[in-house]
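See structure below.
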Amino acid sequence: EFAVQTCFIGRYGQEIGSDQFGATIMGSASMDSSDGIQRVIIRLSNIEVFYAGQAFRLGRYPVHFHMNGNMNLSYIKSSSIHQTFNRAVNIHATHYLTVENIVIYNVMGGAIFLEDGVEIGNVLRGNLAVFVRTSSSLLNEDVTPAAFWVTNPNNTVEHNAVAGGTHFGYWYRMLETPDGPSFAMYPSFCPHRQPFGRFFNNSVHSVGRFGVWIFPEYAPTIGGSCSADSPYQAVFDRLTSWRNNRGIEWVMSSTIQIRNTVVFDNHDTGIRCVTAINHQSLNRPNLRNTFYFENNGSSVINSIIIGDTGTSGSAI
């Protein structure tokens with residue numbers, strides 16, 4: 001699912017005259033912040049980025065925050081990114097960045113992308129992603145893209161909308177270890193055990209697979225320890241998901257709560273849970289907390305689930 005597609009290496013995306021070889025904006029600096037100085041500060045607002053990114057080339061994204069560590073003084077706001085060839089905004093080993101009020105349209109590969117699974121404290125707020133489509137790319141993540149690709153749950157995702165796409169709206173894809181260069185830098189870090197940040201007031205419709213997918217596993221804990229730690233509830237609050245193949249699905253994930261959510265007119269299922277416990281929850285105290293408890297367990301509460309309204313072809 002997550003391998004490099006070597007068959008695409010050497011494709012002529014970078015050939016002179018190619019229509020998939022666009023510009024990139026990259027910020028990259030040392031992550032050493034022992035002196036408290038941020039080596040790079042990027043503030044982008046009211047800009048338009050189009051025909052950008054370079055197909056079939058790793059790391060050549062339209063807007064790329066690359067291994068900067070803390071970037072709480074940086075942001076991209078109130079801008080548009082459209083008709084790009086390799087994602088839209090890529091956040092790689094970068095923390096506390098704000099991505100706000102961005103309109104993203106017709107992009108190849110993932111739209112807003114947290115890369116290695118170590119990224120924390122980023123705020124993704126008020127963005128609109130329209131027609132995020134598959135790409136014959138170097139990575140399977142772009143062959144089956146998500147508008148919001150979240151590899152570390154300890155981030156804020158709120159007030160966003162996804163309208164149309166070939167595969168996923170919001171994919172929370174946490175692994176047991178980080179990806180890429182962060183694997184060697186953080187050998188004792190477990191993305192799938194990190195505490196949950198915030199998911200609030202988001203919507204998704206008309207994507208080919210899942211509106212929200214939590215896969216392959218997630219067992220949130222209070223401290224994010226890779227070993228024993230107290231469970232921590234992950235609340236997905238005020239989601240509206242309609243006209244997708246599946247509205248919401250979580251797999252091998254414990255203490256997930258779906259709250260104040262509306263799902264309707266999804267083709268296959270509205271809300272689906274495939275195993276509400278994670279293999280690391282199989283001790284008696286933690287296992288109890290994965291059962292139904294409104295304050296700390298797995299549950300679907302205060303939500304509306306409708307199979308077929310017969311009206312989804314009309315405006316709502």
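Note that the UniProt record's numbering numbers the sequence shown so that position 172 is 172, with each residue one more than the last. All residues carry an ideal CB built from backbone N, CA and C; glycine is no exception.
If you draw a 10 Å sphere on the C-beta of His64, you find 16 or more other C-beta atoms in it, and that means buried. Around the beta-carbon of Pro187, fewer than 16 other beta-carbon atoms lie within 10 Å, marking it exposed. Judged by beta-carbon spacing, Ser254 lies within the 8 angstroms limit of Ile277, meaning their Cβ atoms are closer than that value.
By the Cβ neighbour-count rule, Asp308 is exposed, with fewer than 16 other Cβ atoms within 10 Å of its own. One alpha carbon belongs to Ala29, the other to Leu73, and they sit about 14 angstroms apart.
Under the three-state reduction of DSSP output, Val143 falls in the helix class. Counting the other CB atoms within 10 Å of its CB gives Ile214 a total of 16 or more, which places it among the buried residues. Between His192 and Tyr170, the C-beta spacing is not below 8 angstroms.
Residue environment: Gly165 is assigned as buried (16 or more neighbouring CB atoms within 10 Å of its CB, all protein chains considered).
The beta carbon of Asn245 is closer than 8 angstroms to those of Val207, Gly208, Arg209, Phe210, Asn266, His267 and Asp268 in its chain, skipping five residues each way along the sequence. With a cutoff of 8 angstroms on beta-carbon distance, Thr94 and Asn127 are scored as not near each other. Bounds of any alpha helix (DSSP H) do not take in Phe189, whose DSSP letter is neither H nor E. Burial is judged here by how many other beta carbons sit within 10 angstroms of a residue's own beta carbon; Val274 has fewer than 16 and is exposed. Beta-bridge partners assigned by DSSP to Asp237: Phe200 and Arg259. In the DSSP assignment, Ser299 falls within the beta strand (DSSP E) that extends over Ser299 to Ile301. Taking 8 angstroms as the cut-off, the beta carbon of Gly53 is found closer than this to the beta carbon of Thr84.
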